[in-house]
Amino acid sequence: MRSLLKAVCLLFLITPSLLVGDVLVDQNGSKVEGTVVEFDGTYVVFKHDTDKITYRFNVSELSEESRAYLINTYATKRYDVEKLDLPLQEHEVRKYAEFIDESVKRKLKESKKSPTRKTDDYTFIRRAYLTIIGRIPSEAELADFARTMGRDRRELIDKLVGSPGYVSHNLNWWSDLLRIKDRLPGVGGTAGFVYREWVRTSIEENKPYDEIVRELLSTSGYAYDKETPQVGYYLRDRGMQLDNMANTVRVFLGTRLECAMCHDHPFDRWTQREFYEMAAFTTGVGNMTITEQNKKVGKVQKMIRDAGDDRKLRSAFNRMRNIIRYGTLSDGSGEIRLPKDYEEENGKPNELINAKAIFSPPIKPDEDVKNPKSREVFADWLTNEVNPRFTTVIVNRLWQKTFGVGLVEPIDNMMDSTKASNPELLEFLEKLMIAVDYDTKEFLRVLYNTDLFSRESVDEDYESKETFLFAGPVLRRMTGEQMWDSLVTLVYTNIDERVPPWEILEYEMFEEYLEMDADELFKEVKRVAKEGRKAYEKKVDKNKAKFSRRDLTRASMLQYPAPGGHLIRQFGGSDKDQIENANMEPNTTQVLSLLNGFVETNVLNNKGADFIKNMQSKNSESQKIRSVFLAILGRTPTGRESSELKDYLEMKDGYKHVAWILLNSHEFMFIR
Amino acid sequence: MNTLDNEISRRGFIKGMASSCLGVSAIMSASDLMGATVAHRPATARHVIFLYMAGGMTHIDTFDPKPENKEVMGLTEAIDTTADGIQLGSWLPETAKQMNVASLVRSLSTSQGAHQQANYLLHTSYQRRGTISHPTLGSWISRLAGKLNPTIPCNVRVNGGSDVLGAGFLESKHGPLPLGNPSAGIQNAKMANYVTEDLYMERLGVVEKFNKNFTDNYSQKQVRAYTDLYDDAIKLMKSEDLKAFDLSKETPEMREMYGDNNFGQGCLLARRLVENNVRFVEVIYGGWDMHNEVFDNLETKAAVLDKGLSSLLLDLNRRGMLNETMVVVASEFGRTPTIKSGRNGRDHHPKAYSALLAGGGIKEGFVYGKSDERAHNVASRSMSPEDLNATIAYAMGINLEEVIFSPSKRPFKVAHDGQPALDLLG
Chain A
59 MRSLLKAVCL LFLITPSLLV GDVLVDQNGS KVEGTVVEFD GTYVVFKHDT
109 DKITYRFNVS ELSEESRAYL INTYATKRYD VEKLDLPLQE HEVRKYAEFI
159 DESVKRKLKE SKKSPTRKTD DYTFIRRAYL TIIGRIPSEA ELADFARTMG
209 RDRRELIDKL VGSPGYVSHN LNWWSDLLRI KDRLPGVGGT AGFVYREWVR
259 TSIEENKPYD EIVRELLSTS GYAYDKETPQ VGYYLRDRGM QLDNMANTVR
309 VFLGTRLECA MCHDHPFDRW TQREFYEMAA FTTGVGNMTI TEQNKKVGKV
359 QKMIRDAGDD RKLRSAFNRM RNIIRYGTLS DGSGEIRLPK DYEEENGKPN
409 ELINAKAIFS PPIKPDEDVK NPKSREVFAD WLTNEVNPRF TTVIVNRLWQ
459 KTFGVGLVEP IDNMMDSTKA SNPELLEFLE KLMIAVDYDT KEFLRVLYNT
509 DLFSRESVDE DYESKETFLF AGPVLRRMTG EQMWDSLVTL VYTNIDERVP
559 PWEILEYEMF EEYLEMDADE LFKEVKRVAK EGRKAYEKKV DKNKAKFSRR
609 DLTRASMLQY PAPGGHLIRQ FGGSDKDQIE NANMEPNTTQ VLSLLNGFVE
659 TNVLNNKGAD FIKNMQSKNS ESQKIRSVFL AILGRTPTGR ESSELKDYLE
709 MKDGYKHVAW ILLNSHEFMF IR
Chain B
2 MNTLDNEISR RGFIKGMASS CLGVSAIMSA SDLMGATVAH RPATARHVIF
52 LYMAGGMTHI DTFDPKPENK EVMGLTEAID TTADGIQLGS WLPETAKQMN
102 VASLVRSLST SQGAHQQANY LLHTSYQRRG TISHPTLGSW ISRLAGKLNP
152 TIPCNVRVNG GSDVLGAGFL ESKHGPLPLG NPSAGIQNAK MANYVTEDLY
202 MERLGVVEKF NKNFTDNYSQ KQVRAYTDLY DDAIKLMKSE DLKAFDLSKE
252 TPEMREMYGD NNFGQGCLLA RRLVENNVRF VEVIYGGWDM HNEVFDNLET
302 KAAVLDKGLS SLLLDLNRRG MLNETMVVVA SEFGRTPTIK SGRNGRDHHP
352 KAYSALLAGG GIKEGFVYGK SDERAHNVAS RSMSPEDLNA TIAYAMGINL
402 EEVIFSPSKR PFKVAHDGQP ALDLLG
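Quick note, the sequences are listed as chains A and B, same order. Residue 59 is where the first sequence starts when you use the working numbering, and the numbers rise one by one after that. Residue 2 is where the second sequence starts when you use the working numbering, and the numbers rise one by one after that.
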């Protein structure tokens with residue numbers, strides 16, 4: 059019976075759809091078939107199949123699903139909002155934050171729920187530090203809040219979004235999204251590192267989100283060229299054009315197309331042909347090596363073979379080859395062939411088809427132009443305000459990043475039928491994002507200034523993410539990176555100034571190597587093979603200040619991804635193999651690290667650790683306990699807690715006992 | 002309710018029917034109609050060693066060669082094994098010698114052709130959804146079969162990346178203990194030397210007191226998880242069986258036999274853990290995603306599998322442990338019979354692929370199901386990943402019909418609607 063049912067289903071799947079054109083359903087459920095001629099966001103012009111008459115009507119007459127379908131497919135205009143002057147004035151931030159709070163409260167009231175209480179200052183500061191810059195505050199930073207900021211939460215938020223910690227924390231977030239590894243799979247050298255640093259700089263410069271995405275998608279050039287390391291976006295998926303497109307659509311449009319790679323999507327409306335039409339935009343990036351350089355490199359390779367194929371020569375050669383060959387000079391041809399085993403009815407195997415976008419605004423690169431620059435066309439389409447999902451996705455991701463759950467869940471599996479838990483709020487946030495012109499920092503500043511961000515987190519398990527109403531933020535365990543950055547903060551309170559000197563030799567040699575012809579390159583290969591590392595040293599910044607404990611810096615300064623077994627990975631940090639691959643699974647190895655591992659060897663047993671020196675500078679026992687509490691839990695102890703710990707402080711290695719107890723308490727690893 | 006939603010979609014009504022058929026509801030009600038559920042029975046397997054070939058292991062070149070069809074075989078040949086009538090790909094000569102104790106499934110099939118989704122289905126028996134996270138088979142076994150050794154974890158995962166599938170909606174203590182490097186074993190299990198055991202426990206007492214406030218305020222699963230895990234960690238630290246994790250207790254010859262690599266050592270560790278009554282050990286071996294140069298890659302990749310797997314089967318058999326221990330080699334999907342020109346690769350192929358099972362009640366030298374002459378489609382006795390998990394759980398004596406409710410009060414079963422392949426079991 060069961061297998062019969064399955065067989066029947068499969069039959070249906072491969073039966074070609076008989077329906078063409080558009081089917082719209084009104085609010086009473088009646089259905090009309092025909093063709094959408096025009097849709098401007100409010101009015102739709104529709105040619106009815108039965109009577110061939112063209113009608114014009116307001117979309118508000120249609121069912122929600124039909125409205126979504128129209129917006130997703132035909133809209134040429136979406137939100138008409140004026141751009142705001144940036145940075146936002148204080149009163150503007152307050153006004154928008156209030157709107158958000160009102161909307162959240164209305165939703166709560168509908169369900170007869172009330173918001174949580176406002177947090178005390180200590181809880182707020184700790185949350186703000188961990189959420190905005192990814193680490194706990196130091197004792198001095200806590201004191202600063204009262205001393206120089208007059209306990210003004212707004213001022214603290216401004217300070218944090220303007221600090222280097224903001225860049226570090228957001229780089230981790232971006233890298234999880236983009237799966238950035240220093241060493242990209244199937245790519246020699248460390249092109250991924252150069253790409254990561256480009257993202258870091260973009261965050262530092264507060265480059266607008268749409269601009270970052272546009273550059274990622276449309277840039278052509280060499281991977282090691284200082285102007286174009288963004289081509290790392292395509293290099294990351296070298297040789298996998300289809301997977302790259304599926305990733306792009308998932309990351310930036312919150313839509314899953316990967317099923318449609320091999321057959322029509324079983325749960326959404328996308329066809330395999332539509333998938334290929336999308337992929338066609340990026341045709342031309344090929345295998346991400348540059349033909350001209352490959353030729354040159356081929357000649358050098360032959361010279362090396364003729365010279366006896368020496369091992370040293372070969373390894374010097376490989377290094378050089380990596381520097382100059384990666385990248386793409388194609389802007390996109392906008393064509394692709396359907397696969398040889400194409401089985402759907404709407405195309406022939408191996409048929410050459412043109413690029414076409416799946417959503418509105420409807421666009422197509424010009425087919426008769428010699429260089430259609432289809433990647434640019436694609437990037438403009440994807441980042442267009444009219445694109446129905448581009449703005450929604452980033453707004454939703456930032457909301458989730460701030461409060462723990464998205465307004466749309468799951469965050470990257472949107473369909474026509476997807477509904478936000480609070481549609482009014484989502485729409486407002488989208489407008490806000492457009493009004494600040496995709497300045498994500500300004501957008502976040504508004505979110506951080508809401509009452510919601512200042513309230514206590516929800517104390518109970520929520521039933522489902524889809525129905526979460528935001529009585530308060532979600533209680534969250536620290537991520538792997540937050541845990542790491544926080545523990546290192548105990549050792550180095552100046553953690554954000556700890557920038558180890560980089561040595562990207564390839565980066566420095568790129569221009570010279572590019573200019574050389576094969577003979578000159580061969581000469582250079584011989585030089586490098588002979589001199590070894592020294593061959594590059596003239597290019598390295600001599601100003602290599604002694605930098606101790608390179609391993610104890612921000613997670614964003616360490617190798618990407620952190621190696622397996624590293625504390626970051628124990629606590630679920632991403633291996634960057636898949637999009638947002640970090641996990642929050644609790645496991646015993648985490649606990650062992652806190653009980654006996656990293657905490658003992660690098661924090662408690664480290665006499666130079668700042669929090670220990672700081673504590674030792676205090677005079678009385680209660681002052682010392684207070685100091686440890688502030689450093690680790692970001693609050694002062696209660697009288698009972700203090701007296702509980704006094705006996706331990708008197709013992710040999712007393713402070714170790716006290717700190718160990720606090721580091722192993724649940725309060726440390728959770729962000730209230 | 003869904004038909005109306007789907008009707009308005011561009012591909013219309015027919016597609017709508019199809020997707021609601023593919024969804025769980027229709028299939029579940031079908032089996033309800035039948036009323037035919039397999040009764041559970043006493044366990045033939047007490048332990049499972051699940052060797053997961055991450056990335057999509059090519060089935061043609063390993064467990065389902067087609068010597069008659071050179072076009073799909075490429076550089077791979079079929080070799081005879083110690084099991085009558087069963088051939089393997091030529092990359093697995095040592096496994097071929099152990100084939101008389103193992104069986105193959107050559108009719109696995111799934112609709113999931115992307116890694117994450119297919120991996121999820123293989124491990125949990127459910128489709129990946131944004132709204133709920135499902136427990137892995139090992140977590141189900143921890144929950145339903147329980148610990149045999151109270152002091153060490155019941156469910157261990159060796160090697161593998163950060164795409165951790167775990168306890169899902171079950172309490173986190175059922176999730177796997179992850180070990181990144183089998184040779185390093187379990188790290189940080191020793192307390193610092195400046196503290197005595199008494200003092201250590203006393204300090205923990207203070208931690209518990211401090212936690213009380215927190216756990217009272219936040220009565221949440223993720224918080225309780227850590228209360229449980231601290232208990233587990235302390236038990237583990239004190240356990241006599243901690244040495245189970247220590248591969249240095251094995252002879253150099255034994256370690257060399259399994260292969261000097263994380264997979265081989267992972268298999269050896271799995272054997273040690275099973276000896277110490279761990280229920281479920283998964284050893285992950287990645288790198289099977291051979292879109293390019295499949296034969297070059299197989300040369301090294303399959304050699305490591307061959308050495309580790311054959312040694313494990315041999316070793317378990319010699320120790321008489323194969324009676325109670327089921328070894329499973331499985332992947333999220335297979336790879337295309339067509340060898341893609343220009344890059345000599347095989348792409349994802351979920352329509353037909355294979356697995357190997359041995360021990361714990363599995364027949365010896367048996368082949369379940371068949372693929373067609375190109376190993377492209379299933380020719381007979383199609384088996385889903387859910388069915389595979391049902392077979393394993395059934396052999397462990399787990400009642401496949403037992404329903405566990407998620408915190409959101411939704412009903413779930415160990416192998417979803419999978420049916421055990423009774424023919425595979427002796």
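Backbone N, C-alpha and C fix where the C-beta goes; we use that ideal spot for every residue, glycine too.
Counting only Cβ-Cβ distances below 7 Å, LEU237 (chain B) has contacts in chain A at THR646, in chain order. For ASN639 (chain A), the chain B residues whose Cβ falls inside 8 Å of its Cβ are GLY162, SER163 and ASP164, in order along the chain.
Ranked by Cα distance from TYR354 (chain B), the first of B:ALA97, B:PHE215 and B:PHE64 is B:PHE64. Cβ contact annotation for THR392 (chain B) (same chain, cutoff 7 Å, sequence separation greater than five): PRO421, ALA422 and LEU425, in chain order.
For chain A, the residues of the stretch 182 to 202 of chain B that bring a beta carbon within less than 8 Å of one of its beta carbons are ASN182, ALA185, ILE187, GLN188, ASN189, ALA190, LYS191, MET192, ALA193, TYR195, VAL196 and LEU200, in chain order.
Neighbourhood of LEU650 (chain A) in chain B, by CB distance below 7 Å: GLN188, ASN189, ALA190 and ALA234, in chain order.
The way I'd put it, the stretch 278 to 286 of chain A doesn't touch the stretch 503 to 516 of chain A; fewer than three beta-carbon pairs between them come closer than 8 Å. Nearest CB-CB separation between ASN722 (chain A) and chain B: below the 9 Å threshold. Against chain A, the beta carbon of LEU178 (chain B) has neighbours under 8 Å at ASN645, THR646 and THR647, listed in chain order.
With the rule of 3 Cβ pairs closer than 8 Å, the stretch 346 to 354 of chain A does not count as touching the stretch 393 to 400 of chain A.
Against chain A, the CB of LEU205 (chain B) has a partner CB under 9 Å away; the residue lies at that interface.
GLU150 (chain A) and GLU434 (chain A) have their C-alpha atoms spaced approximately 35 Å apart. For LEU200 (chain A), same chain residues with a beta-carbon under 8 Å away, outside a window of 5 residues either side, are TYR180, ILE183, LEU688 and GLY692 in chain order.
Counting only the Cα atoms, LYS217 (chain A) lies some 13 Å from VAL225 (chain A). A check of alpha carbon separations from GLY169 (chain B) across B:ASN182, B:THR152 and B:GLN128 identifies B:GLN128 as the nearest.
Contact between the stretch 191 to 207 of chain B and the stretch 651 to 661 of chain A is present, with at least three C-beta pairs closer than 8 Å.
Collapsing the DSSP output to three states places TYR286 (chain B) in a strand.
Membership of LYS250 (chain B) in any beta strand (DSSP E) is not indicated, and neither H nor E is assigned to it by DSSP. Looking at A:LYS357, A:PHE157, A:GLU401 and A:GLN648, the one whose alpha-carbon comes closest to that of MET574 (chain A) is A:LYS357. Spatial neighbours of VAL404 (chain B) in its own chain (CB-CB distance under 8 Å, excluding positions within 5 residues in sequence) are listed in chain order as PRO412, PHE413 and LYS414. At a Cβ-Cβ threshold of 9 Å, THR216 (chain B) and ARG204 (chain B) do not count as neighbours. VAL257 (chain A): member of the alpha helix (DSSP H) spanning 249 to 262, first to last residue. Residues of chain A whose Cβ lies closer than 7 Å to the Cβ of PRO154 (chain B) are, in chain order, THR646.
DSSP places HIS377 (chain B) in the coil class of the three-state scheme, outside both helix and strand. Beta-bridge pairing by DSSP links SER104 (chain B) to B:LEU358. Interface flag for ARG273 (chain B) against chain A is unset, since no Cβ pair is found closer than 9 Å. Under DSSP, the beta-bridge partners assigned to PHE115 (chain A) are A:VAL102.
LYS222 (chain B) reaches chain A at ASP519, counting residues in chain order whose Cβ is nearer than 9 Å. The distance from the Cβ of SER311 (chain B) to that of GLU95 (chain B) is about 4 Å, consistent with a contact at the 8 Å cut-off. Three or more pairs of CB atoms, one per stretch, sit closer than 8 Å, so the stretch 497 to 506 of chain A contacts the stretch 457 to 472 of chain A. DSSP lists B:ILE285 and B:ALA331 as the bridge partner or partners of TYR53 (chain B). Pairing LYS414 (chain A) with GLU332 (chain A) gives a Cβ-Cβ distance under 9 Å. Within chain A, the residues ALA304, GLU316, CYS317 and MET319 have their CB atoms less than 8 Å from the CB of ALA115 (chain B), given in chain order. In this structure, GLU521 (chain A) sits away from GLU467 (chain A), with a CB-CB distance that is not shorter than 9 Å. Judged by DSSP in its simplified three-state form, PRO136 (chain B) adopts coil rather than helix or strand.
Chain-ordered listing is empty here: chain A has no CB closer than 9 Å to the CB of SER126 (chain B), the nearest sitting near 15 Å.
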